Amino acid sequence: MFTRRNFIAVGAMAGLSACATTPPQIPATVPSAPVIPPLPDFYGAITTEPYPIPAIPQGKLPQRYWRQEVANPWPNYTSGTIVVDPDAAMLHFVENEDRALRYGVSVGAAGFAWQG
1 MFTRRNFIAV GAMAGLSACA TTPPQIPATV PSAPVIPPLP DFYGAITTEP
51 YPIPAIPQGK LPQRYWRQEV ANPWPNYTSG TIVVDPDAAM LHFVENEDRA
101 LRYGVSVGAA GFAWQG
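Using the numbering used here, you'd call the opening residue of the sequence shown number 1 and step up by one each time.
Printed below as a string of structure tokens:
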């Protein structure tokens, strides 16, 4: 049986429940796709040779492995020396005592066993 006392109690609870606050809703952010920098021109297609070479697809080669001119980490080597660092998977072509061209390379098991 629904009495006047029950009606007042339910009404008071309903009124007090309107005073409760809810935590603010943080809008969900949509993750954006990573921006892939454009490949340098020297990774484009080579069509002037007898055997054409297609361009490297965008995003296929990580920027870490791009050909870069860097400070020469081996200044005691002469110009034209090629130094392979298998642990870093990098090849350095020494241009002079200050500069070198660095290339990313793939090193297989035989490359880690070689010494000299």
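All C-beta atoms, glycine included, are put in the ideal place defined by N, C-alpha and C. As the structure is a prediction and not an experimental result, all values here were calculated from the model.
To the nearest whole angstrom, what separates the beta carbons of L91 and L61, a pair I think is in contact under 8 Å?
The pair is not a contact, with the Cβ atoms about 15 Å apart (cut-off 8 Å).
Anticipated Cβ contact below 8 Å, Q68 with R102, distance rounded
Contact flag correct, Cβ pair sits at about 5 Å.
Along the chain, which unbroken stretches of the alpha helix (DSSP H) at least 4 residues long are found entirely within the stretch 33-73?
none
According to DSSP, is V107 part of a helix, a strand, or is it coil?
Three-state result, V107: coil.
Is N6 buried or exposed, if buried means 16 or more other CB atoms sit within 10 Å of its CB?
exposed
List the endpoints of the continuous beta strand (DSSP E) containing D85.
I82 to D85
Going by CA-CA distance only, name the one from T48, P86, T3 and I82 that's closest to A109.
Of all alpha-carbon atoms in T48, P86, T3 and I82, the one lying nearest the alpha-carbon of A109 is that of P86.
Among residues of its own chain, excluding the 5 on either side of E95, which ones have a beta-carbon nearer than 7 Å to its beta-carbon?
S79 and L101
Look at the alpha carbon of N72 and the alpha carbon of G104, and state the distance between them as a whole number of angstroms.
15 Å
Pick out whichever of R4, Y65 and G59 has its Cα sitting closest to the Cα of A33.
Nearest neighbour of A33 by Cα position, chosen from R4, Y65 and G59, turns out to be G59.
Between V107 and I46, what straight-line distance do the alpha-carbon atoms span, to the nearest angstrom?
25 Å
Following the continuous beta strand (DSSP E) through F93, name the residue where it begins and the one where it ends.
M90 to V94
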